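Residue numbers (UniProt numbering): 1 to 426.
Think of the CB as a built atom: it goes at the ideal place given N, C-alpha and C, for glycine as much as any other residue.
If you're wondering where the values come from, they're calculated on a predicted model, not measured in any experiment.
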Amino acid sequence: MCTVCSSVCQLLQQSGAPLYLGQSIVQDRDLNEYNPSGSSSSKHITCSHRLCESGPSCKSPGESCPYTVNYYTVNTSTSGLLVEDILHLASGSGQASNSSVSAPVVIGCGMKQSGGYLDGDAPDGLMGLGLGEISVPSFLAKGGLVPNSFSLCFDEDDSGTIFFGDQGPANQKYTAFLPSNGKYETYIVGVEACCIGNSCLNQTSFSAVVDSGTSFTFLPNGVFETIAQEFDRRVNATRSSIKEVPWKYCYKPSTKEKPKVPSLTLVFPLNKSFVVFDPVFKIYGMEGLVGFCLAIEGTDIDIGTIGQNFMMGYRIVFDRENLKLGWSRSNCQDIDDDRSMPLTPNGRSPNPLPTTEQQSAPGGGHAVAPAVAGRAVSKPSAASEKLISSRLSLISLMLLLLLLHFLATFLHMNEPFSLIHQNSLR
């Protein structure tokens, strides 16, 4: 029985490229578990499969391929077996009822979970959006269904959309992804400077992973303190200590005037600027706004993490084909009008994906884990873990992971495939 997978396994069987998916996260409801034996198209990946990373440690090539993922979140892991299944999307929106798109995918079917999973994190599973061979974008692109790109768009109300195959509008800004140890294994970008208001600060350059699976943002300690101190100098509110939040710079608003929060801008190479829509986390009580915090933490490692809170109000494009990150301001409602990603033509079968059983060849492809761990950050406090867990982004990237449960609908063949989510936790 697939436990942590639950409905994400259903997603992987039903999603496709340039198609539309809608889903609503509702916490007080029964969740369905995916049982491979209940699917006529499922089959276990064996240890001889080239995507079985743990194959060399198996007792025999014919065994089911096991996986284990240890996350940077304290004591959190998942382990189980890899399963291959087919994802299907029936047509809708006036198209012929017999039109559909399908592609084989690999699912990490969790059988044993620990840590955050036992506390309710990812109750409906995870979707890997990273650069690995078995991430969903990789399968869709290799299947010839969409260009090797996708976009995320988070609205102010924590709703969001994902479009597979979307390469963004022509007028978007962009910056190149950076390799790690000579390889492009995750979505890393380089920030040349950070600005608070109209003041761009010295010694605030850093590299960061762009990770929608992280709710908030972490910066190297030196950069964080420089930014936070300038923010503190400019904000028109009284510094205050707020219990049960992980952030250091918190404030109590004045009763006489609305707090004026200074803008925060990231400057990328070639002077490409990214203005953070809202860098603070607001705290409300019975009487309204009772406080707010600069929603950034410091980390003692030299690479930061740009989390979901910095992505609000933007259409963020992960152009894997051209190895660049694009962004443009968006209300996440107008993306449907920008239809430039063609679907595989009717009647044409997508290119076969590398999920058929085959022996691993010397020097052949290297498998990746069925879910990609988040960035290592300074060990969070219990309060930090609780708060971040409660606002965990339900769409993940490189590192990118998705919480899902949805209804599938097939849009016009020339539209990107989108997934809409509503986070009811906020």
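To the nearest angstrom, report how far apart residue i and residue j are at their CA atoms.
i              : j                 : result
glutamate 33   : serine 263        : 44 Å
alanine 122    : threonine 161     : 18 Å
lysine 282     : phenylalanine 292 : 4 Å
isoleucine 242 : tyrosine 284      : 12 Å
glycine 110    : valine 191        : 37 Å
serine 205     : threonine 299     : 15 Å
leucine 82     : threonine 46      : 8 Å
serine 199     : isoleucine 306    : 21 Å
leucine 131    : phenylalanine 177 : 12 Å
tryptophan 247 : threonine 217     : 11 Å
asparagine 70  : serine 254        : 44 Å
serine 64      : methionine 312    : 41 Å
aspartate 319  : phenylalanine 164 : 10 Å
alanine 295    : leucine 266       : 15 Å
asparagine 148 : proline 269       : 24 Å
glycine 304    : serine 37         : 42 Å
proline 61     : glutamate 321     : 34 Å
Is it right to say residue i is buried, meaning 16 or more other beta carbons lie within 10 angstroms of its own, or is it exposed?
i             : result
alanine 228   : buried
glutamate 287 : exposed
proline 66    : buried
serine 212    : buried
aspartate 157 : exposed
arginine 233  : exposed
glutamate 244 : exposed
serine 40     : exposed
leucine 118   : exposed
glutamine 203 : exposed
Report all residues from its chain with a CB closer than 8 Å to the CB of residue i; omit the five preceding and five following residues, and keep chain order.
i            : result
tyrosine 251 : Val235, Ala237, Thr238, Arg239, Ser240, Pro259, Gly291, Phe292, Cys293
tyrosine 184 : Leu131, Phe177, Leu323
valine 280   : Val261, Phe292, Cys293, Leu294, Ala295
Going by beta carbon distance, what residues of the same chain come within less than 6 Å of residue i, once the five residues before and after it are set aside?
i             : result
aspartate 302 : Pro220
Could you tell me if the beta carbon of residue i falls within a distance shorter than 8 Å of some heavy atom in the ligand FMN?
i           : result
proline 269 : This structure lacks the ligand FMN; in fact it carries no ligand of any kind.
Near residue i, what residues of its chain come up, given a Cβ to Cβ distance below 7 Å and the 5 sequence neighbours on each side ignored?
i              : result
glycine 197    : Arg234, Pro262, Ser263
valine 289     : It should be pointed out that residue 289 corresponds to leucine in this sequence rather than to valine. Within the same chain, leucine 289 has close Cβ partners Pro253, Lys282.
asparagine 331 : Asp155
serine 138     : Gly132
ask   = Can you list, in chain order, the stretches of the beta strand (DSSP E) that have 3 or more residues and sit fully within the region 123-168?
value = 149-154, 159-164
query = Three or more C-beta pairs closer than 8 Å, one from the region 263-282 and one from the region 178-186: is that the case here?
reply = no
task = Output the residue ranges of the alpha helix (DSSP H) runs that lie fully inside the region 159-239 and measure 4 residues or longer, sorted by chain position.
result = 221-234
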